[in-house]
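All remarks here apply to the structure that follows.
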Amino acid sequence: MKKIGFKLASIFLASLLVLPTGAMASTGSSSNGEGINEKFGMPIVVYGADLTESEKASVKESLSVADEAEVEEITVDGDDLVTYIKDGDASARMFSSAKITRQDKGKGLVIDIVTEENITQVTAEMYANAMLTAGIEDATVEVAAPKKVTGHSALVGIYKAYEVSGEKLDTERTDVANEELSVATILSNESGVDEEKVSELLTAIKKDIAELNPASKEEVEKIVQDQLTKLQIELSPEDRQLLVDLMDRIRQLDIDFSQWSTQLDDLSKTIEDKLGNIVDNEGFWQGVKNFFNNLIDSIRGLFN
135 MKKIGFKLAS IFLASLLVLP TGAMASTGSS SNGEGINEKF GMPIVVYGAD
185 LTESEKASVK ESLSVADEAE VEEITVDGDD LVTYIKDGDA SARMFSSAKI
235 TRQDKGKGLV IDIVTEENIT QVTAEMYANA MLTAGIEDAT VEVAAPKKVT
285 GHSALVGIYK AYEVSGEKLD TERTDVANEE LSVATILSNE SGVDEEKVSE
335 LLTAIKKDIA ELNPASKEEV EKIVQDQLTK LQIELSPEDR QLLVDLMDRI
385 RQLDIDFSQW STQLDDLSKT IEDKLGNIVD NEGFWQGVKN FFNNLIDSIR
435 GLFN
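Its first residue numbered 135, the sequence shown is counted upward by one per residue in the numbering used here.
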């Protein structure tokens, strides 16, 4: 039995050597020993109002609240949903939570979904795109949920936290940003378009709007179609119209598109790198899969 135990331990240690190092990556939290940024104040953690006490404790752990020098904690509920989103449902249940740390101008957005297994529909890039539309440009945001949820309510919490930190958001922009998040999840979950492709598409269209300054819905429609063709994405007429309507609302927002382009360029680069890494690592991940298949066979062999 000792011999089997030694072999199992050896196999376990060997398996650690092939785990992706990204699993150990820093979340980009403000807990870096630099203390509170006196310009923007302490990080703000916003909890979904429908969390139980045990779920809230789980979220606190996921967001490393105890590691912060100081943190302001608030709650987001259905009333906040109505504040930021037209026709929002005040009775909506809110579970997904977030920690937001404002950053100096030019730092960009860093989004980390720390409980990826529990945020089922919204990706980090979708959050970033919607936040830019809403008017949030420089911040580190961590999102968490204690159980499987779509992740939409976290965006409302981010809005509230941003305003608590001293900024004022345009509710027309926050409403359009929510529509953007809805369209993104429809395209990825109902239309079968890969999540990263959806983010790439939204970013590319918004970059064209910023650079080409379309003056009509027809011009927006051409931009949308050009990017669908370029990225080889096929949509139903209904989903294509959803996208055109969304982008035409974005065109009409009070946004300084000349300053928006840099943020969109950064987001576009992040998405391209992520897509590239997925492709480049196919061989590596197949090797990992083969390793663990062999590992299972080896463990079975020990007991036969």
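A virtual CB, placed ideally from N, CA and C, is assigned to each residue, including glycine.
On a predicted model such as this, the values are computed, not experimentally measured, just so you know.
Exposure of residue i, with buried meaning 16 or more beta-carbon neighbours within 10 Å
i    : result
D388 : exposed
A338 : buried
P109 : Here the chain covers residues 135 to 438 and nothing more, so residue 109 does not appear.
D246 : buried
N263 : buried
K194 : buried
G182 : buried
P280 : buried
T308 : buried
S225 : exposed
S350 : exposed
G300 : exposed
N252 : buried
I208 : exposed
D390 : exposed
Span of the beta strand (DSSP E) around residue i
i    : result
A278 : A273 to A278
DSSP state of residue i mapped onto helix, strand, coil
i    : result
T186 : coil
D213 : helix
Y218 : helix
Q375 : helix
L336 : helix
S198 : coil
L369 : coil
K331 : helix
L380 : helix
S299 : coil
K239 : coil
S225 : coil
G326 : coil
I292 : helix
A203 : coil
D431 : Residue confidence is low: D431 scores 49 on pLDDT, short of 50, so the model does not pin down where it sits. No coordinate-derived value is stated.
Best match in the options for proximity to residue i [C-alpha to C-alpha]
i    : options                   : result
E355 : A183, L380, E345 and V244 : L380
Y261 : K341, E297 and E329       : E329
V244 : Q361, E271 and V332       : E271
V283 : T249, I320 and S370       : T249
K294 : V216, E314 and S192       : V216
T254 : K341, P371 and V277       : V277
K241 : L335, A258, T274 and K351 : T274
S370 : E251, D221 and V327       : V327
L335 : V179, K364, N252 and N312 : K364
Y218 : E314, V256, L303 and S196 : L303
G222 : D390, E313 and L377       : E313
D211 : E368, L185 and I320       : L185
M228 : S192, E202, V180 and E206 : V180
S316 : T305, E345 and L289       : L289
N323 : D373, E352, I292 and K340 : D373
T235 : V256, V205 and D214       : V205
Boundaries (first-last residue) of the alpha helix (DSSP H) holding residue i
i    : result
D246 : Run containing D246: none in the alpha helix (DSSP H); it sits in the beta strand (DSSP E), L243 to I247.
N347 : Premise fails: N347 is in no alpha helix (DSSP H) and is neither H nor E.
I320 : T305 to N323
E353 : K351 to K364
L266 : A258 to A268
For residue i, the residue or residues it bridges with in DSSP
i    : result
V180 : I208 and A232
I253 : V283
Proximity test, residue i beta-carbon vs the ligand COA heavy atom, cut-off 8 Å
i    : result
E251 : Ligands displayed in this structure: none; no statement on the ligand COA is therefore possible.
CB contact below 9 Å: residue i versus chain D
i    : result
A200 : Structure shown: chain D not included; a single protein chain is present.
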